Amino acid sequence: MFAIAARRMGYRVHTFSPETDTPTGQVADVEIKAHYDDLIAVRSFASNVDVVTFEFENVPAATAQAAAECAPVRPGGSVLHITQNRLREKTFLRDHGFPVTPFKAVNSIEDLKAGLSEFGCPSVLKTAGFGYDGKGQTKITAADQAEAALSSAGAQEMILEAWVDFDCELSVIGARGIDDSFTHWGAIQNDHRNHILDVSIAPADLPPEITREAVAITRAALEGLDVVGVLCVEFFLTAGGKLLINELAPRPHNSGHLTFDACVTSQFEQQLRAVCGLPLGSTELLRPAAMANLLGDLWPCVRGEAGEPDWAAACAFPNVKLHLYGKLEPKPGRKMGHLTAMAESADEAVGLVRKAREALRRGSGRCQ
Numbered sequence: 000m001f002a003i004a005a006r007r008m009g010y011r012v013h014t015f016s017p018e019t020d021t022p023t024g025q026v027a028d029v030e031i032k033a034h035y036d037d038l039i040a041v042r043s044f045a046s047n048v049d050v051v052t053f054e055f056e057n058v059p060a061a062t063a064q065a066a067a068e069c070a071p072v073r074p075g076g077s078v079l080h081i082t083q084n085r086l087r088e089k090t091f092l093r094d095h096g097f098p099v100t101p102f103k104a105v106n107s108i109e110d111l112k113a114g115l116s117e118f119g120c121p122s123v124l125k126t127a128g129f130g131y132d133g134k135g136q137t138k139i140t141a142a143d144q145a146e147a148a149l150s151s152a153g154a155q156e157m158i159l160e161a162w163v164d165f166d167c168e169l170s171v172i173g174a175r176g177i178d179d180s181f182t183h184w185g186a187i188q189n190d191h192r193n194h195i196l197d198v199s200i201a202p203a204d205l206p207p208e209i210t211r212e213a214v215a216i217t218r219a220a221l222e223g224l225d226v227v228g229v230l231c232v233e234f235f236l237t238a239g240g241k242l243l244i245n246e247l248a249p250r251p252h253n254s255g256h257l258t259f260d261a262c263v264t265s266q267f268e269q270q271l272r273a274v275c276g277l278p279l280g281s282t283e284l285l286r287p288a289a290m291a292n293l294l295g296d297l298w299p300c301v302r303g304e305a306g307e308p309d310w311a312a313a314c315a316f317p318n319v320k321l322h323l324y325g326k327l328e329p330k331p332g333r334k335m336g337h338l339t340a341m342a343e344s345a346d347e348a349v350g351l352v353r354k355a356r357e358a359l360r361r362g363s364g365r366c367q
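Using numbering that gives the first Met the number 0, read the sequence shown as starting at 0 and increasing by one per residue.
Written out as structure tokens, the structure is:
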């Protein structure tokens, strides 16, 4: 979707990935296949473009540094370094006065036991790096589970977080230009299933003062990290009405995919505008909208049958947009695409997008 936005505005797109025929590669002008630690290839890639950005946080910091020798990297490699590691991210946020869930670094069983004694149970043990959609997380409900939880994680840096009693999860996606200009898409409400984002709703059904506070925190995070580009701040709203930052994502975010259809300027176009030094566009929400993720579980062959979801059935809803990412193999839990519905109200949009997704399940056939 970023590459589509760039091509629509007349830019040429080069993409660098360890794989070929990737979703971006299918749209890009040039697709380079090389490993991220091949810094000679990285420098060659960056030497042939005017600006570099990244699509997810698990790009090694050394890769961003090598690219920056040849072209501007936006957001900068320092942002990537902080946000790709939960412990560094939480420490940065805490030390700069942002509201975060209580946490503790875990490098030994003694650290873990001390943390459980402080936070109580349940608590959540997470890998410090390379985790998303619930991966690398273990809920500890009793102190006697500590050794087994740490052992199953293996020898790696961990972080323990206190359990949060929250009413809802929300995100604010903001953008910052090279001139320190700021825009945002308001608060987006997020419903998760099995730790994976299921449905996002805009506008969120929240008190105005909560939305204002969440937007203010997001702007402060963009400025504190010196981000040029898009940043998503994921929040918990506690039962007591307090906002706590759960995670940061210095890029277009899944919860903002609905902006591709529902807003004057999508998060993808805004990322392009920011990193290329253009003025930021209007983020006006044209109509209330809801997005539903399409996971690989919807493909019948994943469940021992052949065939695809019934795309025509979903497209029969005139106010629903279908987006498929071009991923070659459906797997359970893998995000293969999404549906966006627009309606007169957010509640109506949610109902519509859920009905359209359910209609996809009519695909049939059997695997050989």
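Just so you know, even glycine gets a beta-carbon here, dropped at the ideal spot from N, CA and C.
Note that the structure is a prediction, hence the values are computed from the model and not measured.
At what residue ranges does the stretch 184–262 contain a whole run of the beta strand (DSSP E), taking only runs of 3 or more?
195–201, 228–237, 242–248
Quick one: which unbroken beta strand (DSSP E) runs of 3-plus residues sit fully inside the stretch 260–324? Chain order, please.
288–294, 319–323
Relative to the C-alpha of E212, which residue among V226, R250, L242, M290 is closest?
Within the sequence shown, residue 212 is the residue found at index 213, counting from 1. Cα-wise, what sits closest to E212 is L242.
Nearest residue (CA-CA) to G240, options L351, I209, E307:
Stepping through the sequence shown from its first residue, residue 240 is reached at position 241. Looking at the Cα atoms, I209 is the closest of the given residues.
Tell me the start and end of each unbroken beta strand (DSSP E) in the stretch 135–178 that is at least 3 residues and wholly inside, in chain order.
Listed in chain order, they are 136–139, 157–161, 165–175.
Which word fits L124, buried or exposed, when buried means at least 16 other C-beta atoms lie within 10 angstroms of its C-beta?
The residue labelled residue 124 in the question sits at position 125 within the sequence shown. The residue is buried, with at least 16 neighbouring Cβ atoms inside 10 Å.
Based on DSSP bridge pairs, tell me the residues matched to I108.
Position 109 of the sequence shown, counted from the first residue, corresponds to residue 108. DSSP, once it has assigned bridges, lists no residue as partnering I108.
First through last residue of the beta strand (DSSP E) which encompasses S122
Taking the sequence shown and counting its residues from 1, one reaches residue 122 at position 123. Its beta strand (DSSP E) spans residues 122–126.
Kindly list the residues whose CB is nearer than 8 Å to the CB of G280, restricted to its own chain and excluding five residues on each side of it in sequence; keep chain order.
Here the question's residue 280 lines up with position 281 in the sequence shown. So the qualifying residues of the chain are T182, V263, T264, E268, Q269, R272.
Rounded to the nearest angstrom, what separates R67 and F102 at their Cα positions?
In the sequence shown, the residue the question calls residue 67 occupies position 68. In the sequence shown, the residue the question calls residue 102 occupies position 103. Note on residue identity: the sequence assigns Ala, not Arg, to residue 67. Spanning the two alpha carbons is a distance of roughly 33 Å.
Have a look at I187 and E347 and give me their C-alpha separation to the nearest angstrom.
Here residue 187 refers to the residue found at position 188 of the sequence shown. Here residue 347 refers to the residue found at position 348 of the sequence shown. Those two C-alpha atoms are separated by around 16 Å.
Going by C-alpha to C-alpha distance, which of H256, H191, N106 sits closest to L159?
As a working note, residue 159 is residue 160 in the sequence shown. Comparing Cα-Cα distances from L159 to each of H256, H191, N106, the minimum goes to N106.
Cβ-based burial, N253 [other Cβ within 10 Å; buried from 16]:
Within the sequence shown, numbered from 1, the residue matching residue 253 stands at position 254. Flag for N253 reads buried.
Give me the Cα-Cα distance between A291 and P299, rounded to the nearest whole angstrom.
What you label residue 291 is simply residue 292 of the sequence shown in a count that begins at 1. What you label residue 299 is simply residue 300 of the sequence shown in a count that begins at 1. Answer to the nearest angstrom: the Cα atoms are 18 Å apart.
If you count every other CB in all the chains shown that lies within 10 Å of the CB of S16, and 16 or more means buried, which is it?
Here residue 16 corresponds to residue number 17 of the sequence shown, with the count starting at 1. For S16, the number of other beta carbons within 10 angstroms of its own is at least 16, and it is reported as buried.
For the alpha helix (DSSP H) that L338 lies in, which residues bound it at each end?
In the sequence shown, the residue the question calls residue 338 occupies position 339. Careful: L338 lies outside any alpha helix (DSSP H), inside the beta strand (DSSP E) at 334–341.
Limits of the alpha helix (DSSP H) - the one that S43 falls within
Start at 1 with the first residue of the sequence shown, and residue 43 comes out as number 44. Per DSSP, S43 belongs to the alpha helix (DSSP H) from 38–46.
Distance, W310 Cα to F275 Cα
Your numbering for residue 275 matches position 276 in the sequence shown. Your numbering for residue 310 matches position 311 in the sequence shown. Checking the displayed sequence, the identity of residue 275 turns out to be Cys instead of Phe. Approximately 36 Å, taken between the alpha carbons.
Cα-Cα separation between R85 and T126, rounded to whole angstroms
Here residue 85 is taken as the residue at index 86 of the sequence shown, counted from 1. Here residue 126 is taken as the residue at index 127 of the sequence shown, counted from 1. Distance between the alpha carbons of R85 and T126 is about 8 Å.
Our contact map puts V163 next to T237 with C-beta atoms below 8 Å; I'd like the distance itself, whole angstroms only.
For the purposes of this step, residue 163 is taken as the residue at position 164 of the sequence shown. For the purposes of this step, residue 237 is taken as the residue at position 238 of the sequence shown. With a Cβ gap of about 6 Å, V163 and T237 count as contacting.
Are V319 and V232 close, meaning C-beta to C-beta below 7 Å?
Here residue 319 refers to the residue found at position 320 of the sequence shown. Here residue 232 refers to the residue found at position 233 of the sequence shown. Contact: no.
Nearest candidate by alpha-carbon position, reference M335, set D197, E146, W184, E343:
Your numbering for residue 335 matches position 336 in the sequence shown. The shortest C-alpha separation from M335 is found at D197.
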